[in-house]
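Asker:
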Amino acid sequence: MKVTVTQLTPWSLALDAARATMGKAGLGNEPSDEWKRKLLECEHSVIRRVRYEIKIEGLKSWVSVHLVRHKFGVEHFVQSQRDDRNPDRQMSRDDMPQGSPINHTMDINAQEVMFMSRRRLCGQASPETRQTWQAVKREMEKIDPILAEFMVPMCVYRKHCPELKPCGFWSRKMQGLQIHGEDSDRPTVYRLGENGSLNFVASFSDNHDAYDFVNYKSGSAA
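Oh and the sequence shown: position 1 is 11 in the working numbering, straight run, nothing missing.
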């Protein structure tokens with residue numbers, strides 16, 4: 011699977027829209043990172059002027075179905091599986107497995123990026139769908155690191171877990187679990203103790219395994 015994120019419209023449009031509501035002329039300038047954070051946190055309507063293209067190649071068809079359930083602030087363009095559009099395919103559409111790879115492109119605004127993250131980064135989301143959106147977040151960090159900071163699961167946004175069957179992430183977060191040595195070959199998880207002390211919990215051979223342990227599941231140390 012390959013994920014590509016492209017910013018389609020600049021943050022200057024959001025700033026100019028905000029100025030327009032105050033009777034001021036637009037400047038066409040890029041706002042400061044502090045201004046972006048404030049607007050994303052309060053989710054004022056002007057952030058919907060900032061749009062991105064998210065292109066996912068080789069996505070499982072059934073994972074694509076999860077993404078297209080989101081319909082406000084996003085347009086989906088999904089590769090057709092029609093037989094007449096794929097004449098070289100050796101299998102009928104009726105016989106194709108749900109995991110068949112397709113290409114899925116989204117035209118999406120900043121507010122919907124945050125909304126989808128709250129659902130699709132949740133520990134109760136399908137693991138495959140969550141991994142897909144984690145990949146989207148990693149690419150977003152390269153394009154718009156400020157927006158990527160706000161791509162968090164619902165419990166982080168609400169400061170509690172609203173799910174009927176919690177995955178346990180929020181309770182572990184409240185226990186003070188932290189990852190150290192993320193850039194090393196052996197990332198380690200510690201629990202924040204009294205007086206700021208760090209107590210060893212587990213070590214891992216891969217940073218993503220450590221991330222999953224802290225954020226989504228109990229996991230097992232390597």
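By construction, the Cβ of each residue, glycine as well, lies at the ideal position given by its N, Cα and C atoms.
Owing to the predicted nature of the structure, the values given are computational and were not obtained by experimental measurement.
For the ligand SAH, I want to know if S90 counts as a neighbour, meaning its beta carbon is within less than 7 Å of at least one of the ligand's heavy atoms.
Answerer: Among the components modelled here there is no ligand, and therefore nothing to report on the ligand SAH.
Asker: If you draw a straight line from the C-alpha of V15 to the C-alpha of V88, how long is it?
Answerer: Numbered from 1 along the sequence shown, position 5 holds the residue referred to as residue 15. Numbered from 1 along the sequence shown, position 78 holds the residue referred to as residue 88. The alpha-carbon atoms of V15 and V88 are separated by roughly 16 Å.
Asker: Work out the CA separation of R168 and L174 for me, nearest whole Å.
Answerer: Here residue 174 refers to the residue found at position 164 of the sequence shown. Here residue 168 refers to the residue found at position 158 of the sequence shown. One C-alpha to the other measures close to 15 Å.
Asker: I think H76 touches M116, with their Cβ atoms under 8 Å apart; what is that distance to the nearest whole Å?
Answerer: Start at 1 with the first residue of the sequence shown, and residue 76 comes out as number 66. Start at 1 with the first residue of the sequence shown, and residue 116 comes out as number 106. About 13 Å; that fails the 8 Å criterion.
Asker: To the nearest whole angstrom, what separates the beta carbons of E122 and H80, a pair I think is in contact under 8 Å?
Answerer: Translated into the one-based positions of the sequence shown, residue 122 becomes position 112. Translated into the one-based positions of the sequence shown, residue 80 becomes position 70. Confirmed, Cβ separation roughly 7 Å.
Asker: Pairing CB atoms from the stretch 90-106 with CB atoms from the stretch 51-62, are three or more of them under 8 Å?
Answerer: Short answer: they don't touch.
Asker: Could you give the DSSP three-state label for V15: helix, strand or coil?
Answerer: Taking the first residue of the sequence shown as position 1, residue 15 is located at position 5. Of the three classes helix, strand and coil, the one that applies to V15 here is strand, per DSSP.
Asker: Quick one: measure Cβ to Cβ for S136 and I112, integer angstroms, because I've assumed they're closer than 8 Å.
Answerer: One-based indexing of the sequence shown puts residue 136 at position 126. One-based indexing of the sequence shown puts residue 112 at position 102. In fact, because the Cβ distance is near 16 Å, the residues do not count as touching under 8 Å.
Asker: In three-state DSSP terms, what is S22?
Answerer: In the sequence shown, the residue the question calls residue 22 occupies position 12. Correct three-state label for S22: helix.
Asker: From L23 to L208, what does the alpha carbon distance come to, in whole angstroms?
Answerer: Numbered from 1 along the sequence shown, position 13 holds the residue referred to as residue 23. Numbered from 1 along the sequence shown, position 198 holds the residue referred to as residue 208. So the alpha carbons of these two residues sit roughly 45 Å apart.
Asker: Taking V13 as the reference, give the member of L25, G203, L69 with the closest Cα.
Answerer: By 1-based counting over the sequence shown, the position of residue 13 is 3. Taking only the C-alpha atoms, the option nearest V13 is L69.
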